[in-house]
Amino acid sequence: MALSTISVGDMHCASCVRKIERALADAPGLASVHVNPARRLVVVEHGAEVDPVALLQRIEDAGFHPTLSRIDTGNTRQRDLLKRLGVAGLGMMQVMMLALPLYAGVFYGIDEGSRRLLEYASLLFTLPVVLYSSVPFFTSARSAVGDFLRGRGGLNMDVPIALAIGAAFLVSLANTLRGQGEVYYDSVTMFTFLLLTARFVDDRLKARFEDANWTLASLPAEALVLAADGSIRPTALDAVPTGSRVWVEQGNQVPLDGEVSRGDATLDESALTGESVWVKRREGEPVFAGTMNHGPGFEMITTATVGATRMAGIADLAARAQADKPAVAKLADRIAARFVPAVLVLAAVSWLGWQLVDPSQAFLAALTVLVVSCPCALSLATPAAITAAMTRLRQSGIVLTRSDTLEQLEGIDAAIVDKTGTLTVHDPVLERVEWLVDGVDRDALAHAAAALERHSNHPLARAFRRAWPDAAPDEIDDVCIVPGAGVEGRWRGRRLRIGHAAFCGAAGDDERAVHLAVDGVPTARFRIADPLRPDTAAAIEGLRDAGLRVIMVSGDAPERCAALAEQLGIEYAARQAPETKLEVLRQLQRDGSKVLVLGDGINDVPVLAAADVSAAVLESSDLVKANCDVLLLSRRLGALVELVHLGRRARRVIRQNLGWALAYNLTAMPLAALGFVPPWLAAIGMAGSSILVMSNAARLLAADRRPAAGASAPDVLALPAASRS
Amino acid sequence: MSVLLLLIPISALLMAVAAAAFVWAVNHGQFDELDRHGFDIFDDSVGEERR
Chain W
1 MALSTISVGD MHCASCVRKI ERALADAPGL ASVHVNPARR LVVVEHGAEV DPVALLQRIE
61 DAGFHPTLSR IDTGNTRQRD LLKRLGVAGL GMMQVMMLAL PLYAGVFYGI DEGSRRLLEY
121 ASLLFTLPVV LYSSVPFFTS ARSAVGDFLR GRGGLNMDVP IALAIGAAFL VSLANTLRGQ
181 GEVYYDSVTM FTFLLLTARF VDDRLKARFE DANWTLASLP AEALVLAADG SIRPTALDAV
241 PTGSRVWVEQ GNQVPLDGEV SRGDATLDES ALTGESVWVK RREGEPVFAG TMNHGPGFEM
301 ITTATVGATR MAGIADLAAR AQADKPAVAK LADRIAARFV PAVLVLAAVS WLGWQLVDPS
361 QAFLAALTVL VVSCPCALSL ATPAAITAAM TRLRQSGIVL TRSDTLEQLE GIDAAIVDKT
421 GTLTVHDPVL ERVEWLVDGV DRDALAHAAA ALERHSNHPL ARAFRRAWPD AAPDEIDDVC
481 IVPGAGVEGR WRGRRLRIGH AAFCGAAGDD ERAVHLAVDG VPTARFRIAD PLRPDTAAAI
541 EGLRDAGLRV IMVSGDAPER CAALAEQLGI EYAARQAPET KLEVLRQLQR DGSKVLVLGD
601 GINDVPVLAA ADVSAAVLES SDLVKANCDV LLLSRRLGAL VELVHLGRRA RRVIRQNLGW
661 ALAYNLTAMP LAALGFVPPW LAAIGMAGSS ILVMSNAARL LAADRRPAAG ASAPDVLALP
721 AASRS
Chain G
1 MSVLLLLIPI SALLMAVAAA AFVWAVNHGQ FDELDRHGFD IFDDSVGEER R
């Protein structure tokens with residue numbers, strides 16, 4: 001399955017979304033289509049045989065201008081809007097100046113010639129506003145009406161807007177030419193100006209959600225590839241095959257995933273992990289695209305092409321979530337789709353009603369109804385908040401892979417965490433080796449044990465990696481990983497088992513030790529120290545403050561867990577295998593809890609799948625990552641605290657937004673139909689309502705002012721390293 | 001009121017000039033990035049090529 005991200009700049013409403021969904025509905029080979037109007041993105045999951053260009057063609061045929069990209073071309077769109085807005089503003093100012101004597105003339109009298117001169121002058125200044133500034137409303141409304149008539153889509157919000165602007169202008173034009181009757185040039189220019197302002201501000205806020213310092217967007221376009229003769233040749237990233245030797249200069253980004261092959265790398269990996277502490281990568285250690293080299297230049301051998309880097313993988317997962325629409329957003333879309341026809345009907349009804357009461361008010365009342373209604377607030381209320389929350393989380397190194405997650409987070413009241421690697425440090429340390437059998441080649445066996453552990457991604461295996469970095473994993477054949485127990489394999493014709501005491505047939509239940517059995521005979525005991533992570537206590541405190549029960553699950557013996565659990569003040573379940581871990585979760589869920597599970601190993605997959613919200617760390621295996629709702633780019637437990645808090649804030653903002661949008665529309669429209677709302681107030685009301693919703697969502701972008709335990713404050717200013725001499 | 005016959009064309013001309021200036025500014029990226037440049041004084045590399 002491949003994932004294509006298509007940016008559609010001119011999509012901005014619920015009916016555009018349905019049009020695009022319909023355009024792609026009968027395309028062959030598509031697994032899923034997600035359309036996100038807030039980010040103007042379409043994310044398509046499709047088979048490898050599908051050509052994304054064909055998908056672009058379909059969207060284009062539906063009347064849009066799609067581009068295949070990760071980076072949105074927001075700038076040209078915003079420039080275009082801004083120019084139209086500027087012209088509308090200038091035109092409006094002129095028309096208002098002329099409207100003043102016209103209004104005064106109504107009260108104090110004005111001679112016919114002056115009045116007609118002023119009206120023609122107003123017409124002159126309104127022309128650029130109608131013919132240039134308001135064009136986006138008309139084109140969008142025209143295509144919506146066309147589709148509606150052909151039965152292929154609903155009406156969008158631009159229909160009543162275009163109707164209001166067009167009708168007011170045409171009536172004014174006719175009255176000007178006739179030389180009698182009302183003119184509404186001031187209303188026309190003001191509507192256009194205020195509505196364009198709202199659209200421009202919306203657009204800017206959306207763009208702010210979008211750019212979200214995705215380092216992917218700022219990856220260098222070229223890598224410095226080392227040719228066989230030692231010369232350096234800049235090569236476009238997508239033309240660099242796996243296995244190329246690439247030079248990374250000081251102060252440059254690592255262009256692709258790879259391994260250090262010469263020199264040491266001092267990297268800022270915060271783009272991937274959210275942690276700003278620089279890390280050292282030595283020869284043979286992996287480096288990842290998007291990280292920044294702060295040390296001297298080094299040479300690397302690439303292990304992935306540009307689309308297959310870890311960064312690209314995260315971007316794809318995140319894009320899926322961004323474009324995925326949660327249930328509440330779908331509901332809002334459905335409401336918005338019915339809304340526009342209702343507005344048109346109400347406008348017609350109020351026009352007819354006023355004809356009976358006071359015909360001179362009829363046109364203005366209908367106009368006001370058209371302008372005051374604001375389904376934008378309704379349809380933007382949720383996606384804007386979700387996008388903002390996701391952006392904020394990503395800056396803290398938390399990637400949501402499904403957008404429903406934010407809703408799920410709401411009721412979470414328990415968290416299940418592993419002990420090893422989660423509460424305790426990620427890199428356990430080998431303390432000592434106790435040999436149980438005499439007369440063996442200790443050094444060779446220790447290397448063999450380390451080689452066997454290379455096949456496991458259990459946290460404790462890292463201690464071996466560190467103690468015997470030169471162990472060769474290919475010395476072992478027939479490797480078999482037994483989840484929750486250990487690893488088995490053949491080394492020089494002998495069966496090796498490494499893992500729990502029981503798995504190796506060893507006595508004793510000191511679970512801090514890893515046992516090695518050779519041909520079924522317990523041979524050695526590796527004692528491994530596993531100190532508590534420095535931020536654990538604070539993070540646990542934060543989770544408890546957020547009202548969560550924290551349950552530590554471990555394969556260790558009860559006595560070990562009890563001491564730690566008491567120290568941290570949490571519950572625990574000791575001596576758990578993967579199956580029993582699932583039972584712990586089920587029990588909690590039967591008791592009515594909604595449970596967040598943080599896992600990292602393959603053996604956690606069933607538990608993660610059953611959890612209400614599942615989180616995994618970046619180092620987890622791909623299977624785990626594919627099954628989790630939340631990907632933590634760093635092993636900061638504090639990230640969970642941030643996640644829970646932000647999930648709750650996001651829900652609050654969504655409710656406020658939806659509440660406001662509903663209350664506004666339900667109050668403003670009847671008032672307008674009854675003629676209580678002057679046209680200028682209607683335009684301000686609609687524009688303001690839309691901006692209010694977007695700004696409320698943007699609050700989520702700001703850091704939580706509550707001192708979140710274990711959370712590091714984001715850098716306010718990313719200053720360039722003082723590396724220049 | 002015949003002065004209007006002069007003033008209205010003048011205001012139309014001024015509006016055209018203002019609109020043209022604005023469009024020029026937008027096209028030259030004057031409004032693309034309004035937030036970041038306040039921080040440029042902290043970045044030593046900005047304007048380095050001029051030295």
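Respectively, the protein sequence lines represent chains W and G.
Per my numbering, the first sequence starts with residue 1, numbered consecutively.
Per my numbering, the second sequence starts with residue 1, numbered consecutively.
Ideal Cβ positions, reconstructed from N, Cα and C, are used throughout, including at glycine.
Whole-angstrom distance between residue j and residue i, CA atom to CA atom
| i | j | result |
| --- | --- | --- |
| L496 of chain W | P531 of chain W | 28 Å |
| R466 of chain W | A529 of chain W | 13 Å |
| D72 of chain W | R204 of chain W | With a pLDDT of 40 at D72 of chain W, under the threshold of 50, the predicted position of this residue should be treated as unreliable, and no value is reported. |
| G397 of chain W | A25 of chain W | 34 Å |
| L582 of chain W | A385 of chain W | 33 Å |
| R652 of chain W | S134 of chain W | 35 Å |
| R590 of chain W | A415 of chain W | 15 Å |
| G505 of chain W | L436 of chain W | 13 Å |
| L195 of chain W | Q567 of chain W | 59 Å |
| A25 of chain G | S140 of chain W | 27 Å |
| S695 of chain W | H34 of chain W | 25 Å |
| V3 of chain G | P9 of chain G | 11 Å |
| E754 of chain W | V644 of chain W | The requested residue 754 of chain W is not part of the displayed model; chain W covers only 1 to 725. |
| N657 of chain W | T382 of chain W | 7 Å |
| R525 of chain W | A546 of chain W | 41 Å |
| A21 of chain G | F169 of chain W | 27 Å |
| I20 of chain W | A62 of chain W | 7 Å |
| R655 of chain W | L173 of chain W | 44 Å |
| S11 of chain G | L124 of chain W | 11 Å |
| L256 of chain W | D474 of chain W | 26 Å |
| A803 of chain W | V287 of chain W | There is no way to answer for residue 803 of chain W, as the model of chain W reaches only from 1 to 725. |
| V225 of chain W | T309 of chain W | 17 Å |
| A501 of chain W | G555 of chain W | 12 Å |
Chain G contact residues for residue i, given Cβ-Cβ distances below 9 Å
| i | result |
| --- | --- |
| K83 of chain W | A19, F22, V23, V26, N27 |
| R79 of chain W | V26, N27, G29, F31, D32 |
| L124 of chain W | I8, A12 |
Residues of its chain near residue i, where Cβ-Cβ distance is below 6 Å and the 5 sequence neighbours each way are ignored
| i | result |
| --- | --- |
| N213 of chain W | Confidence in N213 of chain W is poor, its pLDDT being 37 and thus under 50, which makes the residue's placement unreliable; the coordinate value appears in the next sentence. Cβ within range, chain order: n/a, list empty. |
| S122 of chain W | V95, L98, Y185 |
| R494 of chain W | V518, D519 |
Residue i and residue j closer than 7 Å at C-beta
| i | j | result |
| --- | --- | --- |
| L631 of chain W | T401 of chain W | yes |
| A164 of chain W | V371 of chain W | yes |
| T305 of chain W | V246 of chain W | no |
| H259 of chain W | G284 of chain W | The sequence given here has Glu at residue 259 of chain W, not His. Cβ atoms of E259 of chain W and G284 of chain W: closer than 7 Å. |
| A673 of chain W | S187 of chain W | no |
| G599 of chain W | A616 of chain W | yes |
| L393 of chain W | L640 of chain W | no |
| L344 of chain W | V369 of chain W | no |
| D413 of chain W | S614 of chain W | no |
Cross-chain neighbours of residue i in chain W, by beta carbon under 7 Å
| i | result |
| --- | --- |
| L6 of chain G | Under the 7 Å cutoff, chain W gives no residues; its nearest Cβ is about 12 Å from L6 of chain G. |
7 Å Cβ cut-off: residues of chain G touching residue i
| i | result |
| --- | --- |
| A121 of chain W | I8 |
| L756 of chain W | Here chain W comprises residues numbered 1 to 725, so residue 756 of chain W is not present and cannot be evaluated. |
| Q408 of chain W | Chain G residues near Q408 of chain W: none, gap ~33 Å exceeds 7 Å. |
| Q94 of chain W | S11, M15 |
| L90 of chain W | M15, A18, A19 |
| L237 of chain W | Going along chain G, no residue has its Cβ under 7 Å from L237 of chain W, so there is no contact; the nearest lies around 23 Å. |
Sequence-distant residues of the same chain with beta carbon closer than 7 Å to residue i, five excluded per side
| i | result |
| --- | --- |
| A683 of chain W | M190, F191, L194, L195, V371 |
Within chain G, partners of residue i - CB distance below 8 Å
| i | result |
| --- | --- |
| G86 of chain W | A19, F22, V23, V26 |
| Q253 of chain W | Within 8 Å Cβ-Cβ: nothing; Q253 of chain W doesn't reach chain G, min ~15 Å. |
Residue i CB to nearest heavy atom of the ligand ATP below 6 Å
| i | result |
| --- | --- |
| W491 of chain W | What this structure holds is no ligand at all, so the ligand ATP is not there to describe. |
Cβ-based neighbour list, residue i, same chain, cut-off 8 Å, excluding 5 preceding and 5 following
| i | result |
| --- | --- |
| R115 of chain W | L102, G105 |
| V145 of chain W | L155, V159 |
| L81 of chain W | P136, L196, R199, F200, D203 |
task: Counting only runs of 4+ residues fully inside the stretch 450-499 of chain W, write out the alpha helix (DSSP H) ranges in chain order.
output: Every unbroken stretch of the alpha helix (DSSP H) spanning 4 or more residues and falling wholly within the stretch 450-499 of chain W is given here in chain order: 461-467.
Every unbroken beta strand (DSSP E) within the stretch 523-584 of chain W, with a cutoff of 3 residues, ordered by chain: 549-553, 571-573
- prompt: Hey, which unbroken runs of the beta strand (DSSP E) at 3 residues or more fall wholly within the stretch 340-421 of chain W?
  reply: 398-400, 414-418
field: Inside the stretch 105-179 of chain W only - alpha helix (DSSP H) runs reaching at least 4 residues
entry: 112-128, 135-149, 158-178
- prompt: Which whole runs of the alpha helix (DSSP H) in the stretch 230-274 of chain W are 4 residues long or more, in chain order?
  reply: 270-273
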